[in-house]
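Number 451 marks the last residue of the sequence shown (my numbering); no jumps.
For each residue, glycine too, the CB sits at the ideal point set by N, CA and C.
Before any comments, here is the structure.
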Amino acid sequence: MGMHPFSDEVVGIKIQVAMMLERAGLAKAAVEVLERTKGEIMGFVEGKDRGEGVIGVKIEKEEGEEKRKEVEEFEKQQRDKVLKKAVGIEMKLAELYSSDYIQDEKKAEAAQVAAVELCLKELHRRQSLGLPVGGGLEADNTEGWLNVTEIATALTDLAGRYTAQENYELSIPLQMRALNLLHTEEGDAPTCKQVVLLNSVAGCMAGQAQKPIRAEDPKKAKEQLFDAAEKWAQKALDVAARIQPPVRDEECDTSCVAATFNLGWLAEFQGKAKEAERLYGEAKSLSQGLGFEQGVSMADAALKRLTKN
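Right, here's the structure in full:
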């Protein structure tokens, strides 16, 4: 065929094969293809990073130095592109390992951790070389390395897993790193992704405050966590207020409901019943305006709980 083994076409075919196997209900076979493809990609990337010359193909002597330079330049461009695919493969592997077909949460978590580690390692490499954090090939419009939003997604996906496990100490730093990336990239024009993350941090801090705290003064540490949670939830609302359509979307609006509800819950937990009632009422009103039924039912349940107490 004459195609480079790490060209978009060849790597794409392997990924398509895995997708076809998954659709056929053959999740384990799909995993095998993806794991093998990921291993091949990482071998190629690591070779390029060691400064090896042409890796993917054999250059015959008669083809000359010009051909060698041409292939080396192609491989240099492909390095970023296939590394991006490797991150995507890790995230897909996490999904497959978590699926009903396999149900291996340990391997799913390991795949998500690997995706994040790839992102952070490349982030550090690019920063040390003075390259943009979010990649892309200047030579054309083809996407190269992950953009900032994609890196943040890998971080928040793993953070979400830790949050579900109530492992907030691991979740919060990942969310903070994602927030920092987005804030640096978006500057004075924040998107709803920041609002979602700010509220998630607030929720994690509130969750952490409910767990046993190892500190010299656990009561004071708990109060500090509640105070921090309130500030992060309020910041979510403040940032959302600066976002206008068309950038502002449903994600922003529902996150505002969640942040307001969280503020109500924090007030309730600290015995501030009137403040909690006001905030729950506000969350309900916002939900009704959006047609957000889940928000309405959550607020109603909270208000009913307050009345009983």
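Annotated as distal: Ala-400 and Ala-371, with beta-carbon spacing of 7 Å or more. Each residue's CA atom was taken as its position, placing Lys-200 and Ala-382 some 55 Å apart.
In this structure, the alpha-carbon of Ser-240 lies about 18 Å from that of Asn-309. In this structure, Ala-443 sits away from Leu-405, with a CB-CB distance that is not shorter than 7 Å. In this structure, Val-438 is the residue among Val-438, Phe-411, Gly-413 with its C-alpha nearest to the C-alpha of Glu-424.
Secondary structure note for Gln-386: it is in no alpha helix (DSSP H), with a DSSP letter that is neither H nor E.
Rounded to the nearest whole angstrom, the CA to CA distance from Gln-219 to Gly-286 is 8 Å. In this structure, Leu-163 is the residue among Leu-408, Gly-413, Leu-163 with its C-alpha nearest to the C-alpha of Leu-238. DSSP places Pro-274 in the coil class of the three-state scheme, outside both helix and strand.
Under the rule that a run must span 4 or more residues, no alpha helix (DSSP H) segment is found entirely inside the stretch 222-260. About 20 Å separates the beta carbons of Leu-225 and Val-173, which is beyond the 8 Å limit, so they are not a contact pair. Counting C-beta atoms within 10 angstroms of its own C-beta, Lys-450 has fewer than 16 neighbours from the protein chains shown and is therefore classed as exposed.
Annotated three-state conformation of Val-199 is coil, per DSSP. Asn-451 carries a coil assignment under DSSP once its states are collapsed to helix, strand and coil. Around the beta carbon of Pro-332, 16 or more other beta carbons lie within 10 angstroms, which makes this residue buried. With respect to the C-alpha of Thr-179, the residue from Leu-448, Ser-149, Gly-193 having the closest C-alpha is Ser-149. Using a Cβ distance threshold of 7 Å, Phe-434 and Thr-402 do not count as a contacting pair. Within the stretch 300-388, the complete alpha helix (DSSP H) segments at least 4 residues long are 310-328, 334-351, 360-383, listed from N- to C-terminus. Between the alpha carbons of Leu-176 and Met-145 lies a distance of about 20 Å.
Between the stretch 243-261 and the stretch 289-302, the count of C-beta pairs closer than 8 Å reaches three or more; the two stretches touch. Within a 10 Å sphere around the beta-carbon of Ile-197 sit 16 or more other beta-carbons, which makes this residue buried. For Arg-192, the closest C-alpha among the options Lys-416, Ala-301, Gly-230, Arg-221 is that of Arg-221.
Taking 7 Å as the cut-off, the Cβ atoms of Asn-341 and Ala-378 count as close.
Excluding its 5 nearest sequence neighbours in each direction, Lys-263 has no C-beta neighbour in its own chain below 7 Å.
Rounded to the nearest angstrom, the Cβ distance from Leu-428 to Ala-348 is 19 Å, too far for a contact under 8 Å. Annotation: the continuous alpha helix (DSSP H) that includes Ala-425 extends over 415-432. Ser-313 is positioned such that its CB atom lies no closer than 7 Å to that of Cys-261.
Counting the other CB atoms within 10 Å of its CB gives Gln-336 a total of 16 or more, which places it among the buried residues.
Cβ-Cβ separation between Glu-217 and Lys-190: approximately 6 Å, consistent with a contact (criterion under 8 Å).
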